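*Asks:* Protein chains in written order, with this note's numbering: chain A, 1 to 220; chain B, 221 to 441; chain C, 442 to 713.
Dropping a structure here in C-alpha cells format, bear with me for questions.
Next up, the structure:
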C-alpha cells in the first residue's frame, strides 16, 4: 500500500477547513458545558433536598450513558414532537450536556477542596452566600479545578467525531466522505489522526503550563 | 402504540444487542487491563527505548479519538495485512484506547506508593523484580482501583462506538429500530436506560465492593 | 573529576578489620555537599551513635551504608569487603547490582517511619525477607520470626496488620523484621523520632536488649541524648557534613572538647 502524497496535498485544504469546524464544535460545546456545569453544581448545593437529589442522579445518568446515544437521542427526539433541530444545534446541545455533567463534577471537587474553615471565616465577617462564593470559594476552588477543566477541553475536542453520525461536517465526516468516494481509507483516516494529535498534544501541554502558572500566581 | 407494546415488539432485539454490548465490554476490559499493566510498567522503565515506546503509545492513543482509532484499525490496518472481523476490531480498538488511559493510572498508582516502601524492600535485600511484585504492585493495586471504577464506565460507553462498524450491539439495534419505527424517544430512551441501569446498578456497585474487599485484604480497612 | 582508585585496598586485611569502614566518602546533591571526606571505622560488636543538628548529614551516613543513596567519592567497606565497589582487573570499579546485593545482605535497617508493609501482617512482614530473599522454608522462617517477635514483645500481635498497631508496636515489628534477615550490622535511623513520648521506652528497651547481647554491630542516629549516653560505646558529633568530635559517651557528654559540640549540647539540654 503506497501513501499518495499528491492526493494528500489535494485533500489538505478540505481537511483544514473541516478542522476549523471541529474546533468550532469543540469550542461551542465547551462554552455550553462550562456554564451548564456551574448550574448543575450549584443546583446540587441548594438546601432544597428534592432538587439536589434529582440533579445528582441526572448528572450520574448523563455520565454513565454513551455520548453517541445521547447525540442520536437529541437529534431524533425533536422531530417526533415537531421540533426540527439542525445537526449543529443538536450536536452542540448533546456534547454540551454530556461535558456539562463532567465539568459539574470537576467544580464540585474544587469547591469541596476549599477548607470548611473558609466558610466559617466568611460567616464570621458576615458575608452573604453570594459574596462568599464570589470572593472566597470560587477563587480558591478554581486552581485545583483547572487540570480537570483542561482535560475535558481536550476530551470534548476528541469526542467531536461522534457528531459526524448526524451529519455535522467536521473532520471525521469529511474523512468518511472522502473514503466512501475514493475507496481509499489510508490517507483520510491517517490525516484525521495526525490532525487530532497536532492539536491535542500542544493543548494538553499548555494546559499543564497554565495550571502551574496559576498555582504560582496564587502562591500555592 | 403504547410503550408496553413497543417493548413487546422490540424488547427482545434490544436485549440481544445488550448481550453483545456486555460481551464487548468484558473483552475490551480484559484488553485494557493487559495493555494498562504492560505500558504502565514500561513507562517506568529505566531503559530509554522501552520508556519512549510506551510514552509514544500512550500519547497517540490518548491524543486522538477512539472513533478515529476504531476506523483506522478496521479500515486501514487490513491494507497492511492485518485483518480483523468487525467484532474483534471493536473490542480491540476500545481496549487499546482505554488501556492507554489505564497505563497512566497504573503508573500514577505505582508512583503513589510511599518511598519508604521501596527503601524497606531494599533494606531486606529484595531484587527489583521482587520489590515490584511483592511490595509495590499489591499496594498500587488498591490505590488505583477507585479511578479504575470510572475508567470501566468509560470502557462500557466506549463500546457503543462499535455500532459504527456494524457490530450488532445495543447501540446498533437501537438505530435499526429507530429507522424502521421512527419512535425515537422510546427507542433511544430505552437504550439509554439499559446502559444507565447496567452502569449504575451493576458495574459501579461491583467495582465498589471489589475496592472494599481488596482494601480489607490488604489490611487497610 | 575521577578519583585515583589505586589508593583503596581491594579488601581490608589484618587482625583487626573493622566491620564498617567509610574511607574518604563524599556525598553531594548537585552543588550542595552533604558529606565531605568522611572517614569512620566501626568495630565488630560496637554500638556507635551519631548526633548532631538537623542537616548535618547524620541520616545520610546510614542511608549510604544501606545503599539507599549512591556516593560521589570514596569507598565503603563492610566486613572487610568493598560495598560500593568491586574488584576488576586489580582495581576497584563501581559495584554491580549483584555485588551490592551480596554485601548488602549483611546490613539491616530500621526507619523513622517504620515502613512496615501495610498489606502484610506482623508475622508476614518478618518472614517476607527470609522466604523470598533468603529462600528459607516457610515453616522455619515462621518459627524464627516468632522467636524474634517474642523477643520484641509482639508475639501476641503476630496476625495484626500494621494499621492496627501503635507506632511503638510497629517499630518493634520493624526491628524484628530487620533481625530476621540475620544482619551483621544494624542501622537505626531516628527510630523514636516519630513516636509519642510514652511509647519511646518500649522501643529503646528492645535496642538495649540487642546491645546487651553483644553480637551485633550497630550504628544509630538519634535525638535521645540520654539514651545515646546510656548505651553507646562511642558517640560521633556531626556538624556541616563532617565529624566534629567523637569520643566515649561519658567524655563527649561530660567534657566536650569542641566549641560547637558544647553549643549543641547546651541547646539540647535547654530545650529539655
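Using N, Cα and C, we set each Cβ at its ideal position, and we do this for glycine too.
Remember, it's a predicted structure, so these values are computed and weren't measured experimentally.
Would you mind sorting residue 90 (chain A) into buried or exposed? The rule is 16 or more other CB atoms within 10 Å of its CB.
*Replies:* Here residue 90 (chain A) refers to the residue found at position 90 of the first chain. Per the 10 Å Cβ criterion, buried.
*Asks:* Could you give the uninterrupted runs of the alpha helix (DSSP H) lying entirely in the stretch 328 to 414 of chain B, keeping only those of 4 residues or more?
*Replies:* 335 to 343, 357 to 378 and 390 to 401
*Asks:* Taking the beta strand (DSSP E) that residue 661 (chain C) belongs to, which residues open and close that run?
*Replies:* For the purposes of this step, residue 661 (chain C) is identified with residue 220 of the third chain, where counting begins at 1. Note, residue 661 (chain C): beta strand (DSSP E), 658 to 662.
*Asks:* Mind reading off the beta-carbon distance from residue 156 (chain A) to residue 99 (chain A)? Whole number of angstroms is fine, and I expect it under 8 Å.
*Replies:* Within the first chain, the letter at position 156 stands for residue 156 (chain A). Within the first chain, the letter at position 99 stands for residue 99 (chain A). At roughly 5 Å, the Cβ-Cβ gap stays under 8 Å, so residue 156 (chain A) and residue 99 (chain A) are in contact.
*Asks:* Distance cutoff 8 Å, beta carbons only. Does residue 279 (chain B) sit that close to anything in chain A?
*Replies:* By 1-based counting over the second chain, the position of residue 279 (chain B) is 59. By this cut-off, residue 279 (chain B) is an interface position.
*Asks:* I want to see whether chain B comes within less than 8 Å of residue 200 (chain A), judged by CB atoms only; does it?
*Replies:* Stepping through the first chain from its first residue, residue 200 (chain A) is reached at position 200. Chain B contact via Cβ: present.
*Asks:* In terms of alpha-carbon separation, which member of C:711, C:574, C:700 and C:684 lies closest to residue 467 (chain C)?
*Replies:* As a working mapping, residue 467 (chain C) is identified with position 26 in the third chain. Among C:711, C:574, C:700 and C:684, the Cα nearest to that of residue 467 (chain C) belongs to C:684.
*Asks:* Which partner residues does residue 535 (chain C) have in the DSSP bridge list?
*Replies:* In the third chain, counting from the first residue as 1, residue 535 (chain C) sits at position 94. Paired residues: C:526.
*Asks:* Using beta carbons (cut-off 8 Å, strictly below), is residue 355 (chain B) in contact with chain C?
*Replies:* Within the second chain, numbered from 1, the residue matching residue 355 (chain B) stands at position 135. By this cut-off, residue 355 (chain B) is an interface position.
*Asks:* Among A:97, A:108, A:4 and A:122, which one has its Cα closest to the Cα of residue 61 (chain A)?
*Replies:* Taking the first residue of the first chain as 1, we reach residue 61 (chain A) at position 61. The candidate whose alpha carbon is nearest that of residue 61 (chain A) is A:97.
*Asks:* Let me confirm a value: residue 526 (chain C) is counted as buried when at least 16 other C-beta atoms fall within 10 Å, else exposed. Which label applies?
*Replies:* By 1-based counting over the third chain, the position of residue 526 (chain C) is 85. So residue 526 (chain C) counts as buried.
*Asks:* Ends of the alpha helix (DSSP H) at residue 245 (chain B)?
*Replies:* On the second chain, position 25 is the one that residue 245 (chain B) refers to. Element bounds for residue 245 (chain B): 223 to 263.
*Asks:* For residue 474 (chain C), write down the residues that DSSP places opposite it in a beta bridge.
*Replies:* Taking the first residue of the third chain as position 1, residue 474 (chain C) is located at position 33. The secondary-structure analysis by DSSP pairs residue 474 (chain C) across a beta bridge with C:469.
*Asks:* Between the alpha carbons of residue 523 (chain C) and residue 452 (chain C), how many angstroms are there, rounded?
*Replies:* Numbered from its first residue, the third chain carries residue 523 (chain C) at position 82. Numbered from its first residue, the third chain carries residue 452 (chain C) at position 11. Straight-line spacing of the CA atoms in residue 523 (chain C) and residue 452 (chain C) works out to 6 Å.
*Asks:* If residue 483 (chain C) sits next to residue 502 (chain C), beta carbons under 8 Å apart, how far is it from one beta carbon to the other, in whole angstroms?
*Replies:* Mapped onto the third chain, residue 483 (chain C) falls at position 42. Mapped onto the third chain, residue 502 (chain C) falls at position 61. Not quite, the Cβ-Cβ distance comes to about 10 Å (not below 8 Å), so this is no contact.
*Asks:* Terminal residues of the continuous beta strand (DSSP E) containing residue 293 (chain B)?
*Replies:* Counting from one through the second chain, the residue named residue 293 (chain B) turns up at place 73. Run containing residue 293 (chain B): none; DSSP gives neither H nor E here.
*Asks:* List, in order along the chain, the chain A residues whose C-beta lies closer than 9 Å to that of residue 404 (chain B)?
*Replies:* By 1-based counting over the second chain, the position of residue 404 (chain B) is 184. Those within 9 Å of residue 404 (chain B) in chain A are 72, 73, 75, 76, 77, 78, 79 and 80.
*Asks:* Suppose contacts are defined by Cβ-Cβ distances below 8 Å. Is residue 34 (chain A) in contact with residue 43 (chain A) by that definition?
*Replies:* Translated into the one-based positions of the first chain, residue 34 (chain A) becomes position 34. Translated into the one-based positions of the first chain, residue 43 (chain A) becomes position 43. Going by C-beta atoms, residue 34 (chain A) is not nearer than 8 Å to residue 43 (chain A).
*Asks:* Check residue 441 (chain B) in the structure and name its three-state DSSP category.
*Replies:* The residue you call residue 441 (chain B) lines up with position 221 of the second chain. Reliability fails at residue 441 (chain B), whose pLDDT of 48 lies under 50, so the model's placement of it is uncertain and the value that follows must be treated cautiously. Collapsing the DSSP output to three states places residue 441 (chain B) in coil.
*Asks:* Using a Cβ cut-off of 8 Å (strictly closer), state whether residue 612 (chain C) contacts chain B.
*Replies:* Reading the third chain from its first residue, position 171 is the one you call residue 612 (chain C). No, its Cβ sits nowhere closer than 8 Å to a Cβ of chain B.
*Asks:* Among A:15, A:154 and A:36, which residue has its Cα nearest to the Cα of residue 172 (chain A)?
*Replies:* Residue numbering aside, residue 172 (chain A) sits at position 172 when the first chain is read from its first letter. Each of A:15, A:154 and A:36 was checked against the Cα of residue 172 (chain A), and the nearest Cα belongs to A:15.
*Asks:* Can you pull out the residues from the stretch 42 to 70 of chain A whose beta carbon lies closer than 8 Å to at least one beta carbon of chain B?
*Replies:* The stretch 42 to 70 of chain A vs chain B, Cβ under 8 Å: 60, 61, 63, 64, 65, 66, 67, 68, 69 and 70.
*Asks:* Given residue 93 (chain A), which residues of its chain have a CB within under 6 Å of its CB, disregarding the five upstream and five downstream residues?
*Replies:* In the first chain, counting from the first residue as 1, residue 93 (chain A) sits at position 93. The answer, listed in chain order, is 74.
*Asks:* Have a look at B:378, B:370, B:283 and B:347 and flag the residue whose alpha-carbon is nearest the alpha-carbon of residue 244 (chain B).
*Replies:* In the second chain, residue 244 (chain B) corresponds to position 24, counting from 1. It is B:378 whose Cα lies nearest to the Cα of residue 244 (chain B).
*Asks:* Could you work out which residue in C:539, C:540, C:543 and C:514 is closest to residue 445 (chain C) when comparing CA atoms only?
*Replies:* As a first step, residue 445 (chain C) is located in the third chain; it is residue number 4 there, counting from the start. Closest option to residue 445 (chain C), Cα to Cα, is C:514.
*Asks:* DSSP state of residue 490 (chain C), grouped into three classes?
*Replies:* Numbered from 1 along the third chain, position 49 holds the residue referred to as residue 490 (chain C). Strand, per DSSP.
*Asks:* So, at 8 Å on beta carbons, what are the nonlocal neighbours of residue 166 (chain A) in its own chain, with the 5 sequence-adjacent residues on each side left out?
*Replies:* The residue labelled residue 166 (chain A) in the question sits at position 166 within the first chain. Once the five neighbours on either side are set aside, the close Cβ partners of residue 166 (chain A) are 71, 72, 75, 87, 90 and 91.
*Asks:* Apart from the five residues on each side of it in sequence, which residues of its chain come closer than 6 Å, Cβ to Cβ, to residue 276 (chain B)?
*Replies:* For the purposes of this step, residue 276 (chain B) is identified with residue 56 of the second chain, where counting begins at 1. Same-chain partners within the cutoff: there are none.
*Asks:* Would you decide whether residue 162 (chain A) is buried or exposed? Buried here means 16 or more other CB atoms lie within 10 Å of its CB.
*Replies:* In the first chain, counting from the first residue as 1, residue 162 (chain A) sits at position 162. Buried, since its Cβ has 16 or more Cβ neighbours within 10 Å.
*Asks:* Residues of chain B with CB under 8 Å from residue 451 (chain C), in chain order?
*Replies:* Taking the first residue of the third chain as 1, we reach residue 451 (chain C) at position 10. None at all; the shortest Cβ gap to chain B is about 23 Å.
*Asks:* For the 8 Å Cβ check, are there 3 or more pairs between the stretch 265 to 279 of chain B and the stretch 404 to 413 of chain B?
*Replies:* Judged by Cβ distances under 8 Å, the stretch 265 to 279 of chain B makes no contact with the stretch 404 to 413 of chain B, as fewer than three pairs qualify.
*Asks:* For residue 441 (chain B) and residue 335 (chain B), what's the separation of their Cα atoms in angstroms?
*Replies:* Sequence index remark: in the second chain, residue 441 (chain B) carries index 221 (1-based). Sequence index remark: in the second chain, residue 335 (chain B) carries index 115 (1-based). Model confidence at residue 441 (chain B) stands at a pLDDT of 48, short of 50, so the residue's coordinates are unreliable; what they give is reported in the following sentence. Each residue's alpha carbon lies about 22 Å from the other.
*Asks:* At the level of alpha carbons, what is the spacing between residue 387 (chain B) and residue 432 (chain B)?
*Replies:* Along the second chain, one-based indexing puts residue 387 (chain B) at 167. Along the second chain, one-based indexing puts residue 432 (chain B) at 212. Each residue's Cα considered, the two are about 35 Å apart.
*Asks:* Against chain B, which members of the stretch 516 to 547 of chain C pass a CB distance test of less than 7 Å?
*Replies:* Answer set for the stretch 516 to 547 of chain C: 542, 545 and 546.
*Asks:* Mind checking if residue 664 (chain C) is an interface residue toward chain B, Cβ cutoff 8 Å exclusive?
*Replies:* Start at 1 with the first residue of the third chain, and residue 664 (chain C) comes out as number 223. Chain B contact via Cβ: absent.
*Asks:* Could you tell me how far apart the beta carbons of residue 693 (chain C) and residue 676 (chain C) are, in whole angstroms, since I believe they sit closer than 8 Å?
*Replies:* Counting from 1 along the third chain, the entry for residue 693 (chain C) is found at position 252. Counting from 1 along the third chain, the entry for residue 676 (chain C) is found at position 235. For a cut-off of 8 Å, the C-beta gap from residue 693 (chain C) to residue 676 (chain C) is around 5 Å, short enough to register as a contact.
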